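Please read the structure below before turning to the comments.
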Amino acid sequence: MRASHRFVFGLLIFLAAGIGASRLLSRESLAAPAQKSSVAPATQSMVDRGRYLVENVAMCEECHTPRDANGDLDESRRLQGAPIWILPVHPNPNWGMNAPPLAGFGGYTDEQGQEILEKGVGPNGLAVRQPMHIYHMNHADAQAIIAYLRSLPGTYPH
Ligand code: HEC
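With the working numbering, the residue at position 87 of the sequence shown is 165, and numbering never jumps.
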């Protein structure tokens, strides 16, 4: 009885290891062509996609570009950081009053940028404060946005 139990147990481990290995292999074979198409030739198209997401989808400028006396976005200081002009309906002591500069993205590593855009967690390990959104972007979108922000002039300290 015992011996056959051991045999069954061994067989299960053998099978599990086999399934694990084949999963890994298939993941690798899936990842290889995807990497080829998204890394080498895609740099400019990543930047273009990032621009589209920043300007037309996520509207980062609404908060991260300062405004002129008329309340219009001051395009000469695009994405250079701005005081926040929206206030919460109910007082919130944890409200972000300043949107930091994004042009050049000099204040952040790629990993920090990804944490912010994919999980809403800042470099200090805390959730980014409202009114900044807690984005749950997919990895490709976050990478595209970071690539675009890095393509802009200006490396501002965080
Ligand atoms: C509604 C206003 C608003 C919009 C839109 C917005 N942000 Fe922010 N963002 C803020 C505020 C306010 C902060 C400061 C938050 C804080 O102090 O925790 C911030 C912080 C950040 C930070 C720094 C986070 C940290 O913890 O250091 C990054 C990076 C950032 N935003 C990128 C972006 C990007 C990229 C977009 C567009 C995809 C965007 N933001 C859209 C308001 C906004």
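Ideal Cβ placement from N, Cα and C applies to all residues, glycine included.
All of these numbers come straight from a predicted model, not from anything done at the bench.
For my contact list, residue i and residue j are in at a C-beta cut-off of 8 Å; report their separation, rounded to the angstrom.
i: G191; j: A177; result: Rounded, the Cβ-Cβ distance is 15 Å, inconsistent with contact.
i: A205; j: I212; result: 7 Å
i: L244; j: C138; result: Residue 244 lies beyond the range of the chain shown here (79 to 236); nothing can be said about it.
i: G128; j: I194; result: Rounded, the Cβ-Cβ distance is 14 Å, inconsistent with contact.
Is the CB of residue i under 8 Å away from at least one CB in chain E?
i: E189; result: Note that chain E does not occur in the displayed structure, where there is just one protein chain.
Return helix, strand or coil for residue i, following the three-state DSSP convention.
i: L145; result: Per the sequence shown, the amino acid found at residue 145 is Arg instead of Leu. Of the three classes helix, strand and coil, the one that applies to R145 here is strand, per DSSP.
i: L204; result: coil
i: V167; result: coil
i: A177; result: strand
i: A160; result: strand
i: L230; result: coil
Ends of the alpha helix (DSSP H) at residue i?
i: M210; result: Unbroken run through M210: none, as it is neither H nor E.
i: L195; result: D188 to K197
i: R129; result: T121 to Y130
Would you mind stating whether residue i and residue j have Cβ atoms separated by less than 8 Å?
i: L157; j: L230; result: yes
i: R239; j: G182; result: This structure gives no information on residue 239, because the portion of the chain shown stretches from 79 to 236.
i: H217; j: E196; result: yes
i: Q208; j: W173; result: yes
i: Y226; j: V125; result: yes
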